[in-house]
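The structure under discussion appears below in the form of structure tokens.
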Amino acid sequence: MLATENDKVYVINANDTDTIKHLNFKEAYVITYGLCNKATITLSSITEEHIVLCLQRAIITLDGQTIEPQEISFSLSKEYDPETIMLITAICLISGISANKLSNFMF
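Each residue of the sequence shown is one higher than the one before, starting from 266 at the first, in the working numbering.
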């Protein structure tokens with residue numbers, strides 16, 4: 266279980282500095298994604314056929330499981346916005362879908 270009283274979870278683009286400034290991190294669990302080195306989930310590499318994301322810090326799922334830092338690879342069927350894939354990945358991971366299962370997804 267999450268270590269916050271209200272179990273609030275925010276999944277935020279790390280480049281959205283205005284939102285980040287106004288968050289009370291003591292009252293919520295925050296996962297960031299984006300094209301910066303401080304994001305929880307960031308882009309490791311991308312080609313026309315594959316995208317590899319990097320989970321840079323361990324995260325805790327909604328049911329209290331820990332997911333350790335790792336890279337997650339996806340196949341691409343068409344051009345897709347990397348930040349959208351990072352957002353979807355963050356939501357899936359926090360919901361308890363394993364990185365192994367996520368690797369079966371195709372965008």
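Even glycine gets a Cβ: it sits at the ideal position worked out from N, Cα and C. All values derive from a computational prediction rather than experimental measurement.
| Query | Result |
| --- | --- |
| Beta-carbon separation of S340 and M371 under 8 Å? | yes |
| For a quick check, are the C-beta atoms of T305 and T297 less than 8 Å apart? | yes |
| What number of angstroms, rounded off, separates the C-alpha of T312 from the C-alpha of K286? | 33 Å |
| Quick one: what does DSSP say T354 is sitting in, helix, strand or coil? | helix |
| I need the straight-line Cα distance from T269 to N365, nearest angstrom please. | Bear in mind that a pLDDT of 49 at T269, under 50, signals an unreliable position, so the number given afterwards is only what the model happens to contain. Going from the Cα of T269 to the Cα of N365 covers about 27 Å. |
| Which value, in whole angstroms, describes the spacing of the CA atoms of V295 and I277? | 7 Å |
| Roughly how many angstroms separate the alpha carbons of V274 and I356, rounded to a whole number? | 10 Å |
| So what's E348 in DSSP terms, helix, strand or just coil? | helix |
| How is the alpha helix (DSSP H) around L318 delimited, first residue to last? | Per DSSP, L318 belongs to no alpha helix (DSSP H); it is in the beta strand (DSSP E), 315–320. |
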